[in-house]
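Okay, structure first, notes after.
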Amino acid sequence: MSTDGGGHQEDGSRAWEQACCMGDVSRMQLLLSASADPGGMMGGTFSVGLTSLMCASGVGRVKAMSFLLVHPCADPAAMLLHTSDSGGTAFTWAAFNGHVDAMRLLLGHPSANPAAMLALTTNRDITAFFLAAINGHVDGMHLLLDHPSADAAAMLVHATSDGDTALMAAAMNGRVDVMHLLLNHPSSNAAAMMMLSNDKGITALWLAAQNGHLDAMRLLLNHPLADAAAMMMLTRSDGWIALIRAAETGQANAMRMMLDHPSANAAAMLMHASSTGCDALTAAALEGSVGGIRLLFDHPAANAAAMLMQGASMATLPSRWLLMTAISNTLVCAIFRGNVDAMRLLLDHPAADPAVMMALTDGYSALVAAAQFAAFGEECPPVDPSSNPLLLLQRRVSTDPQACDAQQEHMTMVMEELCQDRPDRQAWYSENEWEWEPQVNHLFGHGDYPDDARDECVRMLLERGACVVRPDSPVVVRVIQEYAQMARVLQLINVAVLGMAVKQQQQQQEP
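Quick note on my numbering: the sequence shown kicks off at 1409 and runs consecutively.
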């Protein structure tokens, strides 16, 4: 019955498994009568440790289950408590798939220990009740909660090895019917259940909000025993609240429901930042959620100027091409994924100060981030120049013909990020336990192909005092040559570097 060393089932076991799953009692009888070891066949296991009884109960084959449990060769007590490789039993399989008749048969068998079966958990501490709840099997949940051997209060608050409860599972899936049963059962401590969080600090409200399940959120926030204000301010282990998560996943209606709730401290929620500085506006900017950004800006409790200058640590953001750095502003966060529409909303807001938002701070800036995105953030450069984050920012920077040292330093840093290769990044990736992938500069690593947006970016940087950091690049050499007739630009370009670049190009052209 068990699989052999090569993972293939022995002869006859496949027919037996199929008969049990199909509930074909006649065929099961024939196979057992033809077997030299019917007891071994009934008590053996298939792949991943499933038994005959599990196969039948998982698909609700009650007649086949009855046949197995009453057969003279059967050991019903052992069959009822036998666990698969994942720790599941015939009872948990029936509960998972909502087969109430199968569950009732197993609980009512003379050899059953209902209390033990109800309390038994899988390898991840998942109970039959949790499995019924996560799949929305309300009838099965009623059967379990109302059983004479059940400890209903314990079942309602039982947490898996990850700290998840049945209420969290139901909220995540938007199963309002399941949530009603959980919160309104006579044994329920609804107030405590709604405030529970899993090992990551995530609550039922958080899970409902991230998936936009408005009815589930409404049930939680408006429940007579709910402390809605406290619930909305509960934080994940890194300090995120449900509003931030809803903003990150683009759930504008969920955000609106929380901010407009009578119990909400909207001003505090709007300015709440995680341990890495991420707030709701930052999360919306990352997502590129134009509706979410507008909602946050337009809320009566919003302090737009303060919100614009609050940003997140780049170390927490899912961009493997960016350098790790310290705290920056929300504009930088919009650049991470090239969310140009979000950038425009941030820069064009009446409370925005673009100069401050793009300023060089602690060795980093929005312009540097945009250069990194342009060079390494996309598989290929944007075809439409208007979708180039660096060009969008540069067009908002006023040109200073007499560039000061600080501006020259800033523009040179941007030029360096725009032009450089990343041959030395493998060690950095290893330090951060990320898989190394060779990085090629999309703008300068494939030759001098036409790209008006790229060339305009280079020209603007040169106009603002950037030094030539890659004189070997045909792109940079060509742009310099095109501007060599402009006296204003000639004053800003290092003549020695220009001569070296032109000479190098001439040498490359010689036969």
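Every residue, glycine too, gets a C-beta built ideally from N, C-alpha and C. Source: prediction; values computed, not measured.
Asked                                                                                                                                                                 : Found
Going by DSSP, which residues form a beta bridge with residue 1557?                                                                                                   : Per DSSP, none; premise fails for residue 1557.
Between the beta-carbon of residue 1639 and the beta-carbon of residue 1628, is there less than 8 Å?                                                                  : yes
Would you mind working out which of 1882, 1849 and 1825 sits nearest residue 1869, comparing C-alpha positions?                                                       : 1825
Output the residue ranges of the beta strand (DSSP E) runs that lie fully inside the stretch 1636-1681 and measure 3 residues or longer, sorted by chain position.    : none
Leaving out the 5 sequence neighbours to the left and right, which residues in its chain are closer than 6 Å to residue 1798 when beta-carbon positions are compared? : 1778, 1779, 1782 and 1865
Excluding sequence positions up to five away, which residues of its chain have a Cβ less than 7 Å from the Cβ of residue 1653?                                        : 1614, 1617 and 1618
On the three-state DSSP scale, how would you describe residue 1738?                                                                                                   : helix
Let's test the definition: count the other Cβ atoms within 10 Å of the Cβ of residue 1831 and tell me whether it reaches 16, buried, or not, exposed.                 : In this prediction, residue 1831 scores a pLDDT of 49, lower than 50, which makes its location untrustworthy; no coordinate-derived value is stated.
Is the Cβ-Cβ distance between residue 1693 and residue 1742 less than 8 Å?                                                                                            : yes
Using the three-state DSSP reduction, which class does residue 1787 fall into: helix, strand or coil?                                                                 : In this prediction, residue 1787 has a pLDDT of 49, which is less than 50 and means its spatial position is unreliable; nothing more can be read from the coordinates.
Which residue's Cα is closest to the Cα of residue 1527: 1620, 1426 and 1568?                                                                                         : 1568
State the start and end residues of the unbroken alpha helix (DSSP H) segment that holds residue 1441.                                                                : 1433-1442
Taking C-alpha atoms, which residue in 1623, 1645 and 1592 lies nearest to residue 1607?                                                                              : 1645
Using DSSP with H/G/I as helix, E/B as strand and the rest coil, what is residue 1500?                                                                                : helix
In three-state terms, what does DSSP make of residue 1727?                                                                                                            : Residue placement at residue 1727 cannot be trusted, given a pLDDT of 40 that sits under 50; the coordinates are not used to answer.
Have a look at 1815, 1649, 1507 and 1434 and flag the residue whose alpha-carbon is nearest the alpha-carbon of residue 1684.                                         : 1649
Nearest to residue 1682 by CA position, among 1691, 1430 and 1661, is which residue?                                                                                  : 1691
Measure the Cβ-Cβ separation of residue 1558 and residue 1552 and say whether it is below 8 Å.                                                                        : yes
Around the Cβ of residue 1771, are there at least 16 other Cβ atoms within 10 angstroms (buried) or fewer (exposed)?                                                  : exposed
If residue 1658 and residue 1609 are in contact, beta carbons under 8 Å, what's the gap, nearest whole angstrom?                                                      : The Cβ separation is near 22 Å, so there is no contact.
Buried or exposed: residue 1873, going by 16 or more other Cβ atoms within 10 Å of its Cβ?                                                                            : buried
Buried or exposed: residue 1448, going by 16 or more other Cβ atoms within 10 Å of its Cβ?                                                                            : exposed
Residue 1460: buried (16+ other C-beta within 10 angstroms of its C-beta) or exposed?                                                                                 : buried
Please list the terminal residues of the continuous alpha helix (DSSP H) segment that includes residue 1820.                                                          : 1813-1827
Can you name the residues that DSSP bridges to residue 1605?                                                                                                          : 1611
At which residues does the alpha helix (DSSP H) containing residue 1516 begin and terminate?                                                                          : 1508-1516
With distance defined between alpha-carbon atoms, name the residue in 1635, 1598, 1711 and 1588 nearest to residue 1623.                                              : 1588
Quick one: what does DSSP say residue 1684 is sitting in, helix, strand or coil?                                                                                      : coil
Closest to residue 1566 by CA distance: which of 1698, 1544, 1473 and 1530 is it?                                                                                     : 1530
What do you reckon, are the CB atoms on residue 1828 and residue 1796 nearer than 8 Å?                                                                                : no
Could you check where the alpha helix (DSSP H) with residue 1592 kicks off and where it finishes?                                                                     : 1584-1592
Within 10 angstroms of its Cβ, does residue 1426 collect 16 or more other Cβ (buried), or is it exposed?                                                              : exposed
I'd like the list of long-range same chain contacts for residue 1757, defined as Cβ closer than 8 Å, with 5 residues on each side in sequence excluded.               : 1705, 1712 and 1716
From the DSSP output, read off the bridge partner residues of residue 1529.                                                                                           : 1535
Given residue 1492, which residues of its chain have a CB within under 7 Å of its CB, disregarding the five upstream and five downstream residues?                    : 1456, 1457, 1458 and 1462
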